[in-house]
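**Q** Residue numbers (this note's numbering): 308 to 674.
My questions all concern the structure below.
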Amino acid sequence: MWFQTLKTRHSVRSFSTENSQGIVLGLEYTDRKTEIHALKKETPPLLLEEGVSTVFVTHENGGMSLLGISHSAKGKSCMEIRAWDVMSSLGFTAKEIVIQDLVKNAFNDGKFKAVLNLPESSGTHLSLKMAALKEYVSVAVSSGLIFLWRCRKVENQAISLELVSKVHSSRNIHDVALISSTEKGPPLLVVGESGGISLHSLTQPTDVHPDRHMEVSSTHIPFPSSNVGSTVQEIQHVLPYSCVLSDSSGRLWYLHPPNLQEILLPSSQGGHGVFAVQAKEGQEEGWLATVDQGQTINLYKMSDVIKKTDAGVITQPWHVVLSHHSISTISFIEDNVLVVGSDSLKSMSLWVGINHIGSTRLESGYN
308 MWFQTLKTRH SVRSFSTENS QGIVLGLEYT DRKTEIHALK KETPPLLLEE GVSTVFVTHE
368 NGGMSLLGIS HSAKGKSCME IRAWDVMSSL GFTAKEIVIQ DLVKNAFNDG KFKAVLNLPE
428 SSGTHLSLKM AALKEYVSVA VSSGLIFLWR CRKVENQAIS LELVSKVHSS RNIHDVALIS
488 STEKGPPLLV VGESGGISLH SLTQPTDVHP DRHMEVSSTH IPFPSSNVGS TVQEIQHVLP
548 YSCVLSDSSG RLWYLHPPNL QEILLPSSQG GHGVFAVQAK EGQEEGWLAT VDQGQTINLY
608 KMSDVIKKTD AGVITQPWHV VLSHHSISTI SFIEDNVLVV GSDSLKSMSL WVGINHIGST
668 RLESGYN
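Here it is in structure tokens:
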């Protein structure tokens, strides 16, 4: 395993890697502006304005698109959506976008932008949470309204967001995730709330009609009574049918519906709010990385985490990396690359070769 530090324009607030397949990387800086970088080819980064949230979606007929979603500058209860092709030989290429609204009317607002009007109750100061799984993307508005769209690349190469369903949550939404359903059709929607999570599954209504939304079946899974006052902070997809989430007490939880179990870790129990999961499609061979006391990265084999969590025993780290600087965000950008950022430095650090760190536990590295 080898280490490298790269300078950045600003301090990194978070990385955007979900559904990116190691092809692209998003850097959100502490000034809330975002850069999108291509990892497999030489092309200038895409620079996005302050407050634009990003998500990567793949297409059934091949390719990948970037969606940039933000509160509209028009100041109303609406959000603005743009799309780019990230696979083009010309670099990041803006694409025409068409979106379906709450009543499935398709529209756009100029060739490369769609502005979606929201209910007045949503207010004008929106907080957006987004998640993607393959061609599906969910967007949760702070007011409790959640959209699930299916992203398609249509004949003229435009991007079409087809509304699958909408979900109303009576609780404050802190994060969302998508995990595969055991049935054919759309994924399960996981919503992080105060006191636990809600699962929303979608089924086709018996009286099929093109203007009908899919029927939503909802289940609330609370934290145990000893943690009922905790709030979900972040959710990360692990395997097709499971995810890892953190709560406001710094505990980590493994969700494999309908089971929600605490992940027992040996060091600084309750201090793992900064974490990352290496998701491998259909496999348990990835990694869970946690940050202990701001500067120590503990790497756990995901297969160990799942096995020990099911047994209710403590999981031991496989590898430890020590950093000289505080770590505020961490992610896996490829199967074999771990990246961290600090809100006090204009740089990011990479560890390459995670899958080759040896066959014994508790080795250590430094940066």
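Where is the CB? At the ideal position from N, CA and C, for every residue including glycine.
Using only alpha-carbon positions, find the residue among Lys653, Gln407, Thr622 and Met655 that is nearest to Arg459.
**A** Gln407
**Q** Find the nearest neighbour of Ser248 within the set Ile604, Leu495, Asp599 and Asn643, judged by alpha-carbon distance.
**A** Nothing in the structure corresponds to residue 248, since the chain is present only between 308 and 674.
**Q** Please report the straight-line C-alpha distance between Ser434 and Gly601, rounded to a whole angstrom.
**A** 27 Å
**Q** DSSP three-state call for Met609: helix, strand or coil?
**A** helix
**Q** Please report the distance separating the alpha-carbon of Val620 from that of Leu571.
**A** 6 Å
**Q** Are the Cβ atoms of Leu373 and Val393 separated by less than 7 Å?
**A** yes
**Q** Restricting to Cα atoms, I'd like to know which of Pro573, Leu468, Thr622 and Gln543 is closest to Ala484.
**A** The shortest C-alpha separation from Ala484 is found at Gln543.
**Q** Beta-carbon separation of Ile480 and Val497 under 7 Å?
**A** no
**Q** Given 8 Å as the limit, is there contact between the segment 523–541 and the segment 594–614, that is, 3 or more CB pairs closer than that?
**A** no
**Q** Nearest to Gly648 by CA position, among Pro493, Val446, Met308 and Ser318, is which residue?
**A** Ser318
**Q** Measure the beta-carbon distance from Leu353 to Phe399 and round it to whole angstroms, keeping in mind my assumption that it falls under 8 Å.
**A** 4 Å
**Q** Exposed or buried, what is Tyr673 when buried is set at 16 or more other beta-carbons lying within 10 Å of its beta-carbon?
**A** Residue placement at Tyr673 is flagged as unreliable, the pLDDT there being 43, under the threshold of 50; a coordinate-derived value is accordingly withheld.
**Q** Please report the residue range of the beta strand (DSSP E) in which Leu353 lies.
**A** Counting along the chain, Leu353 sits inside the beta strand (DSSP E) bounded by residues Leu353 to Leu355.
**Q** Look at the Cβ atom of Trp456, then the Cβ atom of Leu440, and state whether they are nearer than 7 Å.
**A** no
**Q** Look at the alpha carbon of Ser505 and the alpha carbon of Asn643, and state the distance between them as a whole number of angstroms.
**A** 32 Å
**Q** Going by CA-CA distance only, name the one from Gly502, Glu403 and Gly578 that's closest to Asn463.
**A** The residue with the shortest Cα to Cα distance from Asn463 is Glu403.
**Q** Hey, how far is the Cα of Lys383 from the Cα of Ala421?
**A** Per the coordinates, the alpha-carbon of Lys383 lies some 14 Å from the alpha-carbon of Ala421.
**Q** Hey, how far is the Cα of Met437 from the Cα of Ser556?
**A** If I take the Cα positions, the gap works out to 23 Å.
**Q** Which same chain residues, not among the five before or five after Val523, have their C-beta less than 7 Å away from its C-beta?
**A** Ser472, Val474, His507 and Leu509
**Q** Would you mind working out which of His626, Leu567 and Asn534 sits nearest Cys550, comparing C-alpha positions?
**A** Leu567
**Q** Taking Cβ to Cβ, would you say Ile664 is nearer than 7 Å to Leu645?
**A** no
**Q** Tell me the DSSP bridge mates of Asp338?
**A** Asp338 is not bridged to any residue.
**Q** Ignore the nearest five residues each way along the sequence and tell me which others in Val584's own chain have a CB closer than 6 Å to its CB.
**A** Gln543, Val545, Val551 and Leu595
**Q** Near Thr315, which residues of its chain fall below 7 Å by C-beta distance, leaving aside the five closest residues on each side in sequence?
**A** Leu334, Lys653, Ser654 and Met655
**Q** Counting only the same chain and skipping the five closest in sequence on each side, list residues whose C-beta sits under 8 Å from that of Ala465.
**A** Same-chain partners within the cutoff: Lys402, Glu403, Ile404 and Val405.
**Q** What first and last residue would you give for the beta strand (DSSP E) that runs through Gln540?
**A** Val539 to His544
**Q** Enumerate in chain order the residues of its own chain whose CB-to-CB distance from Pro493 is below 8 Å, with the five nearest sequence positions on each side excluded.
**A** Tyr443, Leu455, Arg457, Val471, Ser472, Leu509 and Met521
**Q** By how many angstroms is the C-alpha of His626 removed from the C-alpha of Met308?
**A** A direct Cα-to-Cα measurement between Met308 and His626 gives close to 11 Å.
**Q** Need the endpoints of the beta strand (DSSP E) that Val647 sits in, please.
**A** Note, Val647: beta strand (DSSP E), Val644 to Gly648.
**Q** Give the straight-line distance between the Cα atoms of Thr350 and Ile330, rounded to the nearest whole angstrom.
**A** Approximately 12 Å, taken between the alpha carbons.
**Q** Grab the span of the beta strand (DSSP E) containing Asp416 for me, first residue to last.
**A** Unbroken run through Asp416: none, as it is neither H nor E.
**Q** Taking all protein chains shown into account, do 16 or more other C-beta atoms lie within 10 angstroms of the C-beta of Lys615, making it buried, or fewer, making it exposed?
**A** Around the Cβ of Lys615, a 10 Å sphere holds 16 or more other Cβ atoms; the residue is buried.
**Q** May I ask which residues mark the beginning and end of the beta strand (DSSP E) holding His626?
**A** Judged by DSSP secondary structure, His626 falls within the beta strand (DSSP E) whose first and last residues are His626 to Leu629.
**Q** Straight-line CA distance for Gln328 to Ser525?
**A** 30 Å
**Q** In whole angstroms, what is the alpha-carbon distance linking Ser477 and Leu409?
**A** 18 Å
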